[in-house]
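Number of protein chains: 2
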Amino acid sequence: MNSIDRRTIRKYKQQPLPQDTLEFILNSGIRASNCGNMQLYSIIVTQEEENKKCLAPLHFNQPMVENASVVLTVCLDVNRFNHWCRINSADESLNNFLFLNIATIDATICTQAMASAAEEKGLGICYIGTVNYMAKEIAQALNLPKGVIPVTTLTIGYPNENPALTERLPMQALVHYEKYKDYTDEDINKIYKDIEENPVNKAFVKENNLDNLAQVFSQVRYSKKDAEQFSKLYKEFVKETFCEL
Amino acid sequence: MNSIDRRTIRKYKQQPLPQDTLEFILNSGIRASNCGNMQLYSIIVTQEEENKKCLAPLHFNQPMVENASVVLTVCLDVNRFNHWCRINSADESLNNFLFLNIATIDATICTQAMASAAEEKGLGICYIGTVNYMAKEIAQALNLPKGVIPVTTLTIGYPNENPALTERLPMQALVHYEKYKDYTDEDINKIYKDIEENPVNKAFVKENNLDNLAQVFSQVRYSKKDAEQFSKLYKEFVKETFCEL
């Protein structure tokens, strides 16, 4: 599948991934770029049924977790690097906000390199965003030590569906040549028009008894109250395991 | 180039990127996964010489910035989405720590999808990590409004070098099956042995008059003092433009 025609795949055949395919995917992640070649990430591979069952409720029971051939939880990890520094009488210099950000980015680069490699092999992938809501609980389930935080979850399997291409905002809405050009109200209305007029999205607005799609997003799907609650939990976990904020 | 044989390319031919190739790359980023299809990122394309020259010192004059055909600065962006919410009487629910993290991840997924697409087309790429050190200054140079933070910088061009494959830690050091298995001192020594014995790295240790490679990393390349200073700056910028911490 071409990278501009790709689809997220949420339904998988019940078929294990051969070890060489899995290792090709893992290697593609490891070969991706990372800050200073410090490789501040770890990849947790979940394949056993009972462990997928244990992760599923932590991902709000999204069915991809149990149905995928493999679930990868990619974590930022300063534990390994700090350990190396410690036994070499070197400073442990990474437990700070800068490296929380850098290691988050590196874990994500690694993940997306694995996603592309999986798709290159004809597999389907789905990111599971709940990992950021439930970071602490997932860390406990995977026995993560201090300094290791789940960043992304990627489910991989053989596609058992053939979904239509998902809508996206038009390219000119997302790309700025040379300088950022801020949007007028008119620009915004134009950018979101197609998405707002999609019958599926219109149905969401009606079902939820709201005025428009923006309200569906910010009042139902990603409400301020939920975002603030999960922010608080994520902050507490970061402070416990990584650094002061 | 296969995803497990890829090399970062830092030297480029002086050759512009055709618009259709650039758009293929941008589209690959836009087609990548993102949280709730909210597309909380913007891509700033720098191609004009004078604008590359203006970015270069903000990236500590790393030569890739001026020499690449295109420099992409991928930013997390809640400005566009908030604007949509505002004109639709919907809550602005994203200016919090959870979505700082989620939008950082989504901007990075988009970037790495573009990196893979560029390599698929025979181009070379290099990430420029200084973007996280100089986020505020780069935001000013690119006219970013509030709610928009540079996350990654990717330089792209036609390769003008053919470097050897970079060293990486062994796969078993980075991958944990089912549960995280913490490292013993012996594990750590084994994991880092090849990197420590690489003659180039041994030379770094000697040049810097240090005892070992871990000290080169944590005392010279990524010192605690620098990391704390740049953490402070990044935190201040996040508080100014995005959310309380």
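Keeping their order, the protein sequence lines are chains A and B. Take 52 as the starting number for the first sequence in our numbering and just add one per residue. Take 52 as the starting number for the second sequence in our numbering and just add one per residue. Glycine included, every Cβ here is placed at the ideal spot set by N, Cα and C.
Could you give the distance in angstroms between the alpha-carbon of residue i and the alpha-carbon of residue j?
i	j	result
asparagine 53 of chain B	glutamate 100 of chain B	31 angstroms
asparagine 147 of chain B	lysine 290 of chain A	16 angstroms
phenylalanine 111 of chain B	threonine 181 of chain B	7 angstroms
glutamate 143 of chain B	isoleucine 179 of chain B	32 angstroms
glutamine 66 of chain A	asparagine 213 of chain A	17 angstroms
arginine 61 of chain B	glutamine 70 of chain B	22 angstroms
lysine 286 of chain A	asparagine 211 of chain B	44 angstroms
glycine 175 of chain A	lysine 103 of chain A	18 angstroms
valine 122 of chain A	isoleucine 160 of chain A	17 angstroms
phenylalanine 75 of chain B	isoleucine 95 of chain B	15 angstroms
glutamate 295 of chain A	leucine 296 of chain B	10 angstroms
alanine 141 of chain B	valine 271 of chain A	11 angstroms
asparagine 78 of chain A	leucine 68 of chain A	15 angstroms
glutamine 163 of chain B	glutamate 170 of chain B	10 angstroms
lysine 276 of chain A	serine 282 of chain A	10 angstroms
isoleucine 242 of chain B	arginine 137 of chain B	52 angstroms
tyrosine 55 of chain A	leucine 261 of chain B	One point to set straight first is that residue 55 of chain A is isoleucine, not tyrosine, in the sequence displayed. Answer to the nearest angstrom: the Cα atoms are 48 angstroms apart.
tyrosine 234 of chain A	arginine 58 of chain B	38 angstroms
glycine 173 of chain B	asparagine 118 of chain B	17 angstroms
tryptophan 135 of chain A	serine 274 of chain B	15 angstroms
leucine 205 of chain A	phenylalanine 293 of chain B	27 angstroms
proline 201 of chain A	leucine 225 of chain B	14 angstroms
For chain A, is any of its Cβ atoms less than 8 angstroms away from the one on residue i?
i	result
alanine 83 of chain B	yes
threonine 292 of chain B	no
isoleucine 55 of chain B	yes
lysine 64 of chain B	no
glycine 87 of chain B	yes
valine 226 of chain B	yes
valine 96 of chain B	yes
glutamine 90 of chain B	yes
leucine 106 of chain B	no
asparagine 118 of chain B	no
glutamate 229 of chain B	yes
arginine 61 of chain B	no
I think residue i touches residue j, with their Cβ atoms under 8 angstroms apart; what is that distance to the nearest whole Å?
i	j	result
serine 120 of chain B	glycine 208 of chain B	4 angstroms
valine 199 of chain B	alanine 158 of chain B	Not a contact, Cβ separation roughly 10 angstroms.
glycine 80 of chain A	methionine 165 of chain A	4 angstroms
serine 167 of chain B	serine 84 of chain A	In fact, because the Cβ distance is near 11 angstroms, the residues do not count as touching under 8 angstroms.
aspartate 128 of chain A	leucine 91 of chain A	6 angstroms
alanine 192 of chain A	leucine 106 of chain A	6 angstroms
With a threshold of 8 angstroms between beta-carbons, can residue i be considered close to chain B, or not?
i	result
glutamate 236 of chain A	Reading the sequence as shown, one finds aspartate at residue 236 of chain A and not glutamate. So yes, aspartate 236 of chain A belongs to the interface.
histidine 110 of chain A	no
valine 122 of chain A	no
glutamate 287 of chain A	no
threonine 72 of chain A	no
lysine 275 of chain A	yes
glutamine 191 of chain A	no
threonine 159 of chain A	yes
leucine 220 of chain A	yes
alanine 215 of chain A	no
isoleucine 156 of chain A	yes
valine 251 of chain A	no
valine 199 of chain A	yes
I'd like to know whether the C-beta of residue i is nearer than 8 angstroms to at least one C-beta of chain E.
i	result
valine 202 of chain A	Among the protein chains in the structure shown, which are A and B, there is no chain E.
Within 7 angstroms: the Cβ of residue i and any heavy atom of the ligand ADP?
i	result
phenylalanine 148 of chain A	You won't find the ligand ADP in this model; it holds no ligand whatsoever.
- Message: Taking beta-carbon pairs under 8 angstroms, can you tell me which members of the segment 139-154 of chain B lie near chain A?
- Response: Here the close residues are Asn139, Ser140, Ala141, Asp142, Glu143, Ser144, Leu145, Asn147, Phe148, Leu149, Phe150, Asn152, Ile153.
- Query: So, do the segment 143-159 of chain B and the segment 224-234 of chain B have three or more beta carbon pairs nearer to each other than 8 angstroms?
  - Reply: With a cut-off of 8 angstroms, the segment 224-234 of chain B and the segment 143-159 of chain B do not count as touching, because too few Cβ pairs lie within range.
- Query: Of the residues that make up the segment 164-188 of chain A, which ones have a beta carbon closer than 8 angstroms to any beta carbon in chain B?
  - Reply: So the list reads Ala164, Ala166, Ser167, Ala168, Glu171, Ile176, Cys177, Tyr178, Gly180, Asn183, Tyr184, given in the order they occur along the chain.
- Hey, is the segment 245-261 of chain B in contact with the segment 210-220 of chain B, meaning 3+ C-beta pairs nearer than 8 angstroms? They touch, by the three-pair rule.
- Message: Please list, in chain order, the residues of the segment 255-273 of chain A that have any C-beta partner in chain B closer than 9 angstroms.
- Response: Taking 9 angstroms as the Cβ-Cβ cut-off against chain B, the residues of the segment 255-273 of chain A that qualify are Leu261, Asp262, Asn263, Leu264, Ala265, Gln266, Val267, Phe268, Ser269, Gln270, Arg272, Tyr273.
- Message: Under 8 angstroms, with one C-beta from each stretch per pair, do the segment 258-267 of chain A and the segment 240-248 of chain A reach the 3-pair mark?
- Response: Yes, since at least three Cβ pairs between the segment 258-267 of chain A and the segment 240-248 of chain A fall closer than 8 angstroms, the two stretches touch.
- Query: Using a beta-carbon distance cut-off of less than 8 angstroms, what residues from the segment 238-249 of chain B approach chain A?
  - Reply: Listed in sequence order: Ile239, Asn240, Ile242, Tyr243.
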